[in-house]
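There are 2 protein chains.
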Amino acid sequence: MSETGPTIGDVGEGATLARIFPLLPESRRTVLGPGDDCAIIAVPDGRVAVTTDLLIEGPDFRIGLSTGYDVGWKACATNLADIAAMGGTPTSLVVGLAAPADTTVRFVEDIARGFHDAATALAPGCGVVGGDLSTAPIVMLAVTALGECDGVEPVTRSGASIGNVVAVAGQLGLAKRGLDILFDRAVDSDGNVDPAAVAEAWAAHPIEVSAQLRPEPPIGAGRVAALAGATAMMDVSDGLVLDARRIATASGVAIDFDLASIGDIDALTGGEDHAMLACFPVNATIPSEFRVIGRVAPGEGVLVDGVVFDARGGWDPFADYSATSSQ
Amino acid sequence: MSETGPTIGDVGEGATLARIFPLLPESRRTVLGPGDDCAIIAVPDGRVAVTTDLLIEGPDFRIGLSTGYDVGWKACATNLADIAAMGGTPTSLVVGLAAPADTTVRFVEDIARGFHDAATALAPGCGVVGGDLSTAPIVMLAVTALGECDGVEPVTRSGASIGNVVAVAGQLGLAKRGLDILFDRAVDSDGNVDPAAVAEAWAAHPIEVSAQLRPEPPIGAGRVAALAGATAMMDVSDGLVLDARRIATASGVAIDFDLASIGDIDALTGGEDHAMLACFPVNATIPSEFRVIGRVAPGEGVLVDGVVFDARGGWDPFADYSATSSQ
C-alpha cells in the first residue's frame, strides 16, 4: 500500500487501538462501550438481529483498487444492509481486523474513518462498540452487526406468496459495472494494480466505481418495507437472480421479473449493490423508495418475462475468485 | 493437514455450509436461526453483551498441534469466557471461517464439532446462529458471542475498590505449560510440527496439553460472581499480571497478590487459561468456585506480596509471535 509512516507492528496492538477508538462512530444504544471484556447494548424490544461477514483481501477487495477508507466503508455498509433486509435498524457493530505487521497505522485509521462515515451516512446512531486486532499475512475484516426491530416483525425470506408484488429499492448492476471498469482499466494480466489508472477510473466513471468501492445500500428502506407489510425481503448481495431464487426457494414460489422494468443483464446477475428486494401484498401501498420489478408466481425458481431463467448468476468465493478477472 | 477427502474448494460454499449446519449447537434463545440475512435472538432483559475475537493460524493456533476440533473448541470457549467475565450467560455465537480452498470438508466439520462440544460442556443452551464462509491463504476464525445479563448488573473492570478481596476461579498457568510442552516436544527449529510427538505430549501431559488446546473456562462462575456482588471482573486471557493491571488501571487502584496462594511464575504470567479474576467486597461471601489470591490496595499497578511487579507478562500478537517458540 502506498501510505508511509509507522506500521502497526512498530506501534503494537494497544497503541494502534488507542488511535482507532476516537475515530469510530458511536452507538446511541451503548450501555457500555469498548474497552471491557464485552460491550453492552440496549435492546428495548427484547429481540436482537445479528449478522456477520468476512471481507478478505483478494476475493473481497484489493489494496490499491480500494483504499483503507473504501474497505472500512464497504465492510460497514454490507453488514448494515443485512440488518435492514430483516426490517431492522442497525444499532452496533463489532469489528475484527487482521493485517500484516507492516501495515501502516494510517491504513488502519483510514478503515476506521470509512466505518465512521458509512455508519453516519447510512445508519445514523449505529456505532462500533468493540473489536479485535491481530496479525495475518493478508488484510481481513470480520464484521458483526446488531440491530433492533423496534416493534415490527422481522421480515424473512420465506413469506412470499403467489400474487405478491416484487419490488426493489436501490441500485442493480452498478457495482458490477464499476468492478468491470476497474479491472479493464487498472488491473493487468498478472493481477497488478495501476494506481494512476484507478484514479482515472474514478474520474471517468464515478457513479459505477463508487457503487463498487463505497456502496450506499438504502438502509432505511428495510424498516419502511417492514412497516408497509413486506412479506419477504433480502438484500441483493450475490446478484438479483441468485438472491431472488433464495426467496423463491424459501417461500415455495417462483419470482417472475419484468425485464423492461429491470434494465439489462448486469442488473439481473451483477452482485454487491445491496439493494433491498422485497415482496408486498398486492393491495399494499408500495413505499416510495421501491419500484415494482415483478410478481410472485406459482412454481419455483426465477422467471424473466414468464420464461425460466437458468443462468446461475451470483458468486461463490471458492468457484469464482480470480486474481486477474472481475468475472 | 492430515485428513483426506473432498475439499471445500471441490464442494463449494453452499454444500459445505449444508454439511456444517446440522453439527452446530442450537441456542435456546433463537427466534430465527441460520439461513436468512440475520438471525434473531431473544434478549428478555433488554440488554445484550457482545464480544468478538479472531483466531488466526500462526499466532493463535497451528494446524498439526491443533486439530480442527481443538480449533473450534478453543474459539468457542474463549468467546464464552468474555461473556462470563461480565457476569453474563452466553446465548449465541456467529462464526466467520476463512480457509484455503484445499482445506478438507472434514477439517471444517471437525471445527463445527468442536464448537458443539465446547458450547454443550461449558454453556449449555448457547448455540451457533449464523456465520460466513470464505477463502483465505490461512485458516482464520472470527467469532462473535452474545450474552444476556438476566437481571444482574454487568460487572466491568472499573469497579474494584480498596480493601476488596481478589479471587480467581479456574486454572492459572496450565495453558502456558501445555504450550511449552508442545513446543519442546513437537515443534522443530524450523517451526515444523511432528504429529507423533503431539500424540506423545497428549499422552504424557494430558492436563497441561488439554488446558492449552481445549481450555475449559469456568463459564458459570461469572454469573455466580455477579450475583455474589463482584465489583470488578475479567477473564485472564493474556496472563494474570497483565490482566490484573487492566483492572487496577480501570479502577484506579493497585492489586496485591499473595504469591503463596497463586503458586509459581507461570501462574502469574502465563496466558490463555481464561480463568475468572474477580474482586469482591470484604464482607461478601466468596462463591465456592473462587479462591482468594490477593487484595485491592491503594496505588496503581500490580504488586506481589506488597512489592511492585514490573515484568510485562502477557502477549502482544505483533511483538510476541514467533513461528518456532512458545515464548
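Those protein sequence lines, which keep their order, are chains A and B.
Numbering-wise, the first sequence is residues 993 to 1319 according to the working numbering.
Numbering-wise, the second sequence is residues 993 to 1319 according to the working numbering.
We treat Cβ as the ideally placed atom computed from N, Cα and C, and that holds for glycine.
All figures in this text were calculated on a predicted structure; none of them were measured in a lab.
Cβ proximity to chain B below 9 Å picks out Ala1034, Val1035, Pro1036, Asp1037, Gly1038, Arg1039, Val1040, Ala1041, Val1042, Thr1043, Thr1044, Asp1045, Leu1046, Leu1047, Ile1048, Glu1049, Gly1050, Pro1051 from the stretch 1034 to 1051 of chain A. Per DSSP, reduced to three states, the secondary structure at B/Arg1098 is helical.
Shown in chain order are the members of the stretch 1115 to 1134 of chain A whose Cβ falls below 9 Å from a Cβ of chain B: Val1121, Gly1122, Gly1123, Asp1124, Leu1125, Ser1126, Thr1127, Ala1128, Pro1129, Ile1130, Met1132, Leu1133, Ala1134. For B/Ser1229, the three-state secondary structure derived from DSSP is coil. For B/Arg1149, the neighbours in chain A by C-beta distance under 9 Å run, in chain order, Gly1027, Asp1028, Asp1029. Judged by DSSP secondary structure, B/Leu1171 falls within the alpha helix (DSSP H) whose first and last residues are 1166 to 1178. If you draw a straight line from the Cα of A/Gln1204 to the Cα of A/Arg1283, it comes to about 22 Å. By the criterion of a C-beta distance shorter than 6 Å, A/Ala1242 is surrounded in its chain by Arg1149, Ser1150, once the five residues flanking it on both sides are discounted. With distances taken between CA atoms, B/Ala1073 lies nearest to B/Asp1045 out of B/Val1274, B/Asp1045, B/Arg1169. Chain order gives the chain A residues near B/Thr1136 as Thr1044, Val1086, Thr1136, where near means a beta carbon separation below 7 Å.
Annotation: B/Ala1213 to A/Ile1033 spans about 22 Å, alpha carbon to alpha carbon. Using a Cβ-Cβ cut-off of 8 Å, B/Pro998 is close to nothing in chain A; its nearest Cβ partner there is about 12 Å away.
Annotated three-state conformation of A/Gly1139 is strand, per DSSP. By DSSP's assignment, B/Met1132 forms a beta bridge with B/Ile1048, B/Ala1090.
Taking a cut-off of 8 Å for Cβ pairs, the stretch 1103 to 1119 of chain B and the stretch 1062 to 1072 of chain B touch, as three or more such pairs fall below it.
Separation of A/Pro1026 and A/Val1097 (C-alpha to C-alpha, rounded to the nearest whole angstrom) is 19 Å. For a cut-off of 8 Å, the C-beta gap from B/Gly1088 to B/Pro1017 is around 17 Å, too long to register as a contact.
B/Pro1082 is bridged by DSSP to B/Gly1139. Annotation for A/Ala1220: Phe1272, Ala1276, Thr1277, Ile1278, Pro1279 place their beta carbon closer than 8 Å to its own, counting only its chain and skipping 5 residues before and after. The three-state reading of DSSP puts B/Asp1256 in coil, since its state is none of H, G, I, E or B. Residues of the stretch 1218 to 1235 of chain B whose Cβ lies closer than 7 Å to any Cβ of chain A, in chain order: Met1226, Asp1227. What B/Leu1024 touches in chain A, judged by beta-carbon distance under 7 Å, is Pro1146, Thr1148, going in chain order. Straight across, the Cα-Cα distance linking B/Tyr1061 with B/Gly1263 is about 21 Å. In the structure shown, the three-state DSSP call for A/Arg1149 is coil. With a beta-carbon spacing of about 6 Å, B/Gly1162 and B/Met1268 fall inside the 8 Å limit used to define contacts. With a threshold of 8 Å between beta carbons, A/Asp1074 makes contact with chain B. C-alpha of B/Pro1146 to C-alpha of A/Ser1084: approximately 18 Å in a straight line.
Beta-bridge pairing by DSSP links B/Ala1289 to B/Ala1246.
By the 16-neighbour rule on beta-carbons within 10 angstroms, B/Ala1195 is exposed.
Residues of the stretch 1249 to 1276 of chain A with a Cβ closer than 8 Å to any Cβ of chain B: none. Counting along the chain, the unbroken beta strand (DSSP E) around A/Thr1022 starts and ends at 1022 to 1024. In the same chain as A/Ala1191, and ignoring 5 residues on each side of it, no C-beta atom comes closer than 8 Å to its own. At a C-beta separation below 9 Å, A/Ala1077 has these neighbours in chain B: Asp1028, Asp1029, Cys1030.
For the stretch 1090 to 1102 of chain A, residues whose beta-carbon sits nearer than 7 Å to a beta-carbon of chain B comprise Ala1090, Ala1093. Bounds of the alpha helix (DSSP H) holding B/Ala1073 are 1060 to 1076.
Under the Cβ criterion (8 Å, minimum of three pairs), the stretch 1008 to 1022 of chain B counts as touching the stretch 1090 to 1110 of chain B.
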